[in-house]
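J.:
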Amino acid sequence: MKHSFKWLLSVLLCLMLVGGAFAQGLELAQPLRGGRTLTDDGSTEGNYTFSYSFPQFAAQTQTDQAINDYYQAVAQDMQSGMNIGMIDSAALDLEMGTSPALMELDYQIMLNDDLYLSVVQSARQVAGNTESDSVSATTFARDGLYAGQPINLSQVLGLEQEDDELTDVESTAEKLAYRLVWEIVKRDSENIEAEYLDGVSEDTLREAFDPESDFYMDSDENIVFFIQSGVIAGSIAGILTFPFAPAELLSAVKE
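So the sequence shown is numbered by the numbering used here: it starts at 1259 and just counts up by one.
#1: Under 8 Å: do the segment 1457-1470 and the segment 1385-1393 share three or more Cβ pairs, one atom per stretch?
#2: By the three-class DSSP mapping on this structure, what secondary structure does threonine 1430 have?
#3: Near leucine 1424, what residues of its chain come up, given a Cβ to Cβ distance below 8 Å and the 5 sequence neighbours on each side ignored?
#4: Look up asparagine 1293 in the DSSP assignment and give the residues it is bridged to.
#5: Comparing alpha-carbon positions, which option in Met1475, Val1427 and Gly1406 lies nearest glutamine 1318?
#6: Specify the secondary structure class of leucine 1403 as computed by DSSP and reduced to three states.
#7: Ignore the nearest five residues each way along the sequence and tell me which others in leucine 1415's own chain have a CB closer than 7 Å to its CB.
#8: Go through its chain and collect everything with a Cβ distance to glutamate 1453's Cβ below 6 Å, but skip five positions before and after it.
#9: Please report how far the alpha carbon of proline 1313 lies from the alpha carbon of serine 1412, in whole angstroms.
#10: Residue range of the beta strand (DSSP E) that glutamine 1514 falls in?
#11: Across which residues does DSSP place threonine 1499 in a beta bridge pair?
#12: Is the beta carbon of leucine 1375 sitting closer than 8 Å to the one on phenylalanine 1398?
#13: Taking only three categories from DSSP, how would you classify alanine 1491?
#14: Smallest Cα separation from isoleucine 1409: which of Ser1471, Ala1324, Asp1372 and Ala1359?
#15: Just how far apart, CA to CA, sit glutamate 1460 and glutamine 1334?
#16: Ordered along the chain, which non-local residues of its own chain (more than five positions away) have a Cβ less than 6 Å from that of asparagine 1480?
#17: Helix, strand or coil for asparagine 1370? Go by DSSP, reduced to three states.
#18: Roughly how many whole angstroms lie between the Cα atoms of leucine 1463 and threonine 1499?
#19: Anyone know if the C-beta pair for glutamine 1337 and glycine 1292 falls short of 8 Å?
#20: Report back the beta-carbon spacing between aspartate 1322 and leucine 1284 to the nearest angstrom; my notes put them in contact at under 8 Å.
#21: Would alanine 1510 pass as a contact of leucine 1417 if the rule is Cβ separation under 8 Å?
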């Protein structure tokens, strides 16, 4: 009996190791970082400081390299923007005597496995005594038809439509997301302690976020929709998140 238990334990350990190998995520490499500080002539304090950081990975396949290439292109565009837009903006601030400003872009990897890579990009902006935060997210497929490409909600759920090019028509995935998120907002807004703004409706919710792009995937492969701070709730509530398991969203298709 004792030997049988040891044998079973060995088998389970092997299965765990094999399972871990199949769930292998991308290995992190040195991130892309850049920035610029614009100063007035003769001053030592920056009037406008901009910095960014984007992920990079130890690419083993063309799919991995495609993800690196995506962020390299974003960083290049960001660098070009700093050389053009920031100069005009900072010059205007200096002329108007505006307090020094700061913009920081950073990232957090929310999911990194053999199927998906999901990255949240945060933007922190400070101007004088005012500070604001916002987020965006990009989810990449690491396997299948869209391997190495950013994917939208419909592609994650396998609900792509033949008329997908008709951007003025809501996709099935969008309709599901709006309906399920609205159910939560409507229920919670009836609570006297809720922080939702007065007059929040299903129409204002539809204007508040785009389900096809305003989501990330967490470590459990849940789909997490997000709405920026101050849009449908007070700023003190911060960025609102609404997590759903993919199976929960797909089961709603039949309802």
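Glycine included, each C-beta is placed from N, C-alpha and C at the ideal position.
T.: Quick look at the numbers:
#1: Flag = no, the segment 1457-1470 and the segment 1385-1393 do not touch.
#2: When DSSP states are grouped into helix, strand and coil, threonine 1430 belongs to the helix group.
#3: Bear in mind that a pLDDT of 49 at leucine 1424, under 50, signals an unreliable position, so the number given afterwards is only what the model happens to contain. Same-chain partners within the cutoff: there are none.
#4: According to the sequence provided, residue 1293 is glycine. The question's asparagine does not apply to it. DSSP lists Ser1309 as partners of glycine 1293.
#5: Closest option to glutamine 1318, Cα to Cα, is Gly1406.
#6: Here leucine 1403 sits in coil by DSSP.
#7: Sequence-distant partners of leucine 1415 (beyond 5 residues in either direction) whose C-beta falls short of 7 Å from its own C-beta, in its chain, are Ala1431, Pro1504, Leu1507 and Leu1508.
#8: Correct list, in chain order: Ala1491, Gly1492 and Ala1495.
#9: Each residue's Cα considered, the two are about 25 Å apart.
#10: No information on residue 1514 is available, as it lies outside the stretch 1259 to 1513 that the chain covers here.
#11: For threonine 1499, which the question treats as bridged, DSSP gives the partners Phe1484.
#12: Closer than 8 Å, so yes.
#13: Strand at alanine 1491.
#14: With distances taken between Cα atoms, isoleucine 1409 lies closest to Ser1471.
#15: If I take the Cα positions, the gap works out to 39 Å.
#16: Here the set comprises Pro1501 and Ala1503.
#17: Residue state, collapsed to three classes: strand.
#18: Answer to the nearest angstrom: the Cα atoms are 13 Å apart.
#19: Result yes, Cβ atoms of glutamine 1337 and glycine 1292 sit closer than 8 Å.
#20: Under the criterion of beta carbons closer than 8 Å, aspartate 1322 and leucine 1284 qualify as touching, at roughly 6 Å.
#21: No, the pair does not count as a contact, with Cβ atoms beyond the cut-off.
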